[in-house]
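J.: What follows is a structure written as structure tokens; I'll ask about it next.
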Amino acid sequence: MKPPASLEEFFFRPIRARGFGLMRMVWACVAAAFLLMQWKDVAYYYSDGGIITARTSALIMRGAYRLSILDWASSPGVVFVLYVLMLGALLLMALGVWPRVTTAVSVLLIFSFHERNQMVLTGGDTLLRNIGFLMVLAPRGSAGSTARWPRLRRGATRAAASEATMPIWPWRLLLWQMVVLYGTSLWYKLLGSTWISGTAVEATFHHPVVARWPMLFMNTLMPVAGVGDYLMLCWQAAWLLLLVPRSLVDRLLPARMARIPLRRILILGGVVFHGGILLLLDAGVFPLAIFTAYVGLLREDDLGWLGALSLTPRFRSRSSRLAAGPA
Numbered sequence: 000m001k002p003p004a005s006l007e008e009f010f011f012r013p014i015r016a017r018g019f020g021l022m023r024m025v026w027a028c029v030a031a032a033f034l035l036m037q038w039k040d041v042a043y044y045y046s047d048g049g050i051i052t053a054r055t056s057a058l059i060m061r062g063a064y065r066l067s068i069l070d071w072a073s074s075p076g077v078v079f080v081l082y083v084l085m086l087g088a089l090l091l092m093a094l095g096v097w098p099r100v101t102t103a104v105s106v107l108l109i110f111s112f113h114e115r116n117q118m119v120l121t122g123g124d125t126l127l128r129n130i131g132f133l134m135v136l137a138p139r140g141s142a143g144s145t146a147r148w149p150r151l152r153r154g155a156t157r158a159a160a161s162e163a164t165m166p167i168w169p170w171r172l173l174l175w176q177m178v179v180l181y182g183t184s185l186w187y188k189l190l191g192s193t194w195i196s197g198t199a200v201e202a203t204f205h206h207p208v209v210a211r212w213p214m215l216f217m218n219t220l221m222p223v224a225g226v227g228d229y230l231m232l233c234w235q236a237a238w239l240l241l242l243v244p245r246s247l248v249d250r251l252l253p254a255r256m257a258r259i260p261l262r263r264i265l266i267l268g269g270v271v272f273h274g275g276i277l278l279l280l281d282a283g284v285f286p287l288a289i290f291t292a293y294v295g296l297l298r299e300d301d302l303g304w305l306g307a308l309s310l311t312p313r314f315r316s317r318s319s320r321l322a323a324g325p326a
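Numbering follows numbering that gives the first Met the number 0, in which position 318 of the sequence shown is assigned residue number 317; successive positions increment by one, without gaps.
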């Protein structure tokens, strides 16, 4: 039985896979960079020779919906071998070598390490796992593959070069993930008092653990801290507007009215906000995990708009063809 045309259009309309291909590369680089920081502490964090053994892990950690290879392979030597294997898979994934296989291996191992010791995780690690799981499920995992390179060297035409596609449902799931993330964050902010009173950003800037800069410099930012609270609340609330059907927007706004896609405005706002966090505060992997998701949310019109801003057309042309994947 064939689904209704509107339902098929909503879930299975083909879109270009360039954004997801780029997201896979960025995801692998971000995950590998932060895992490399644990090189000296792998056995301490994740093996029976460290702070939590496989036996005590089941008593301390969340038990529901938990699966980790390291529950069975828990000796320090084996754990380190799996760690090196994970880094190798991430490197191949970033380079686009066997992307479907290396993505699956990387995500499985990252889940295993994260679930082995949840005490060292942050919200950014959770977001990376969610993105990784979505990439494993998404079709057209070959976008951005090195299989594309020989065709480029042979001078393949731009039409043949450009157009690896995938159904739109993975993109919609990623967008929904971001709407839920920001909507939930907004809800909990409104339940407290510091964001409503305009003191949350100021308090964070004065936190000695997360502030990257001396207090003398952080104090100079106080005049804009209160405004930042309310701008943040408005920006997070605006993500909920993405749930408004496009047909309703077309009815409410004049047809000739120039429109900048709301998604693009929200992503640009997120780059400013999370970039500020990355610059001023030590928030772990979270800002970079958010940027990774933003890359996956870029559609062909967004990438074309970014390409139009480039000052090097030749580089722009080559990079877009590499990200497109096999035709």
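Cβ coordinates follow ideal geometry from the N, Cα and C atoms, glycine included. The structure displayed is predicted, hence computed values, not measured ones.
(1) Give, in chain order, every unbroken run of the beta strand (DSSP E) that is at least 3 residues long and sits entirely within the segment 167-195.
(2) Starting from residue 14, trace the beta strand (DSSP E) in both directions and tell me its first and last residue.
(3) Assign residue 66 to one of three DSSP states: helix, strand, or coil.
(4) For residue 241 and residue 178, what's the separation of their Cα atoms in angstroms?
(5) In terms of alpha-carbon separation, which member of 94, 58, 193, 53 lies closest to residue 111?
(6) Looking at residue 27 and residue 163, is the spacing between their C-beta atoms short of 7 Å?
(7) At the level of alpha carbons, what is the spacing between residue 271 and residue 47?
(8) Taking the beta carbon of residue 228 as the centre, do at least 16 other beta carbons fall within 10 Å, making it buried, or is it exposed?
(9) If you reduce the DSSP assignment to three classes, tell me which class residue 121 lands in.
(10) Is the segment 187-196 touching the segment 204-219, taking contact as three or more C-beta pairs under 8 Å?
(11) What residues in its chain sit with their C-beta under 8 Å from that of residue 166, if we drop five residues either side in the sequence?
(12) Pick out whichever of 83, 5, 118, 245 has its Cα sitting closest to the Cα of residue 57.
(13) Can you tell me the Cα-Cα spacing of residue 279 and residue 89, whole angstroms?
(14) Can you list, in chain order, the residues of its chain whose CB lies under 8 Å from that of residue 103, leaving out five sequence neighbours each side?
(15) Have a look at residue 123 and residue 113 and give me their C-alpha separation to the nearest angstrom.
(16) Using the rule of at least 16 other Cβ atoms within 10 Å of the residue's Cβ for burial, across every protein chain shown, is residue 51 buried or exposed?
(17) Could you compute how far the alpha carbon of residue 300 sits from the alpha carbon of residue 132?
(18) Taking residue 66 as the reference, give the member of 116, 184, 260, 40 with the closest Cα.
(19) Please name the residue, chosen from 80, 59, 221, 250, that lies closest to residue 200 on a Cα-to-Cα basis.
(20) Looking only at its chain, what residues have a beta carbon closer than 6 Å to the beta carbon of residue 181, apart from the 5 residues adjacent to it on each side?
(21) Rounding to the nearest angstrom, what Cα-Cα distance links residue 5 and residue 172 in this structure?
(22) Is it buried or exposed for residue 59, if we count other Cβ within 10 angstroms and need 16 for buried?
(23) Hey, residue 69 and residue 43 are a contact pair by Cβ (cut 8 Å); roughly how many whole angstroms apart?
(24) With a cut-off of 8 Å on the beta carbons, I'd call residue 295 and residue 22 a contact; round off their distance for me.
(25) Please tell me whether residue 32 and residue 127 are closer than 7 Å, where the distance is taken between their beta carbons.
(26) Tell me the residue span of the alpha helix (DSSP H) that contains residue 57.
(27) Please tell me whether residue 297 and residue 286 are closer than 7 Å, where the distance is taken between their beta carbons.
(28) Give the secondary structure of residue 159 by DSSP, where H, G and I count as helix, E and B as strand, and everything else as coil.
(29) Go ahead and pull the three-state DSSP assignment for residue 164.
(30) CA-CA distance, residue 198 and residue 61?
(31) Given that a residue counts as buried once 16 or more other Cβ atoms are within 10 Å of its Cβ, and exposed if not, what is residue 284?
(32) Under a three-way DSSP split, which group does residue 210 fall into?
(33) Run through DSSP, which three-state label would residue 280 get?
(34) Can you tell me which of 290, 169, 306, 41 puts its alpha carbon nearest to the alpha carbon of residue 80?
T.: Reading off the structure:
(1) Annotation note: the segment 167-195 contains no uninterrupted beta strand (DSSP E) run of length 3 or greater.
(2) Residue 14: member of the beta strand (DSSP E) spanning 13-15, first to last residue.
(3) Coil at residue 66, not helix or strand.
(4) Computed Cα separation, rounded: 8 Å.
(5) The shortest CA-to-CA distance from residue 111 to any of 94, 58, 193, 53 is the one to 53.
(6) The Cβ atoms of residue 163 and residue 27 lie no closer than 7 Å to each other.
(7) Just so you know, the alpha carbons of residue 271 and residue 47 end up roughly 42 Å apart.
(8) By the 10 Å Cβ count, residue 228 comes out buried.
(9) If DSSP states are grouped into helix, strand and coil, residue 121 belongs with coil.
(10) Counting Cβ pairs under 8 Å, fewer than three are found: no touch.
(11) These residues qualify, in order along the chain: 10, 11, 12, 13, 14, 138.
(12) Nearest Cα to residue 57 within the set 83, 5, 118, 245: 118.
(13) Taking the straight line joining both Cα atoms gives about 28 Å.
(14) Correct list, in chain order: 135.
(15) Roughly 12 Å separates the two Cα atoms.
(16) Around the beta carbon of residue 51, 16 or more other beta carbons lie within 10 angstroms, which makes this residue buried.
(17) Answer to the nearest angstrom: the Cα atoms are 26 Å apart.
(18) With distances taken between CA atoms, residue 66 lies nearest to 116 out of 116, 184, 260, 40.
(19) When the alpha-carbon of residue 200 is set against those of 80, 59, 221, 250, the nearest one is in 221.
(20) 235, 238, listed in sequence order.
(21) Computed Cα separation, rounded: 18 Å.
(22) Exposed, because fewer than 16 other Cβ atoms sit within 10 Å of the Cβ of residue 59.
(23) Between residue 43 and residue 69 the Cβ distance is about 13 Å, and since that is not below 8 Å, they are no contact.
(24) At roughly 4 Å, the Cβ-Cβ gap stays under 8 Å, so residue 295 and residue 22 are in contact.
(25) Not in contact: residue 32 and residue 127 (Cβ atoms no closer than 7 Å).
(26) Segment 53-59, the alpha helix (DSSP H) holding residue 57.
(27) The beta carbons of residue 297 and residue 286 sit no closer together than 7 Å.
(28) Confidence in residue 159 is poor, its pLDDT being 44 and thus under 50, which makes the residue's placement too unreliable to answer from.
(29) Residue state, collapsed to three classes: strand.
(30) Residue 198 and residue 61: Cα-Cα distance of roughly 33 Å.
(31) Taking all protein chains shown into account, residue 284 has 16 or more neighbouring C-beta atoms within 10 Å of its C-beta and is therefore buried.
(32) Correct three-state label for residue 210: strand.
(33) Strand at residue 280.
(34) When 290, 169, 306, 41 are compared, the shortest CA-CA separation from residue 80 is found for 41.
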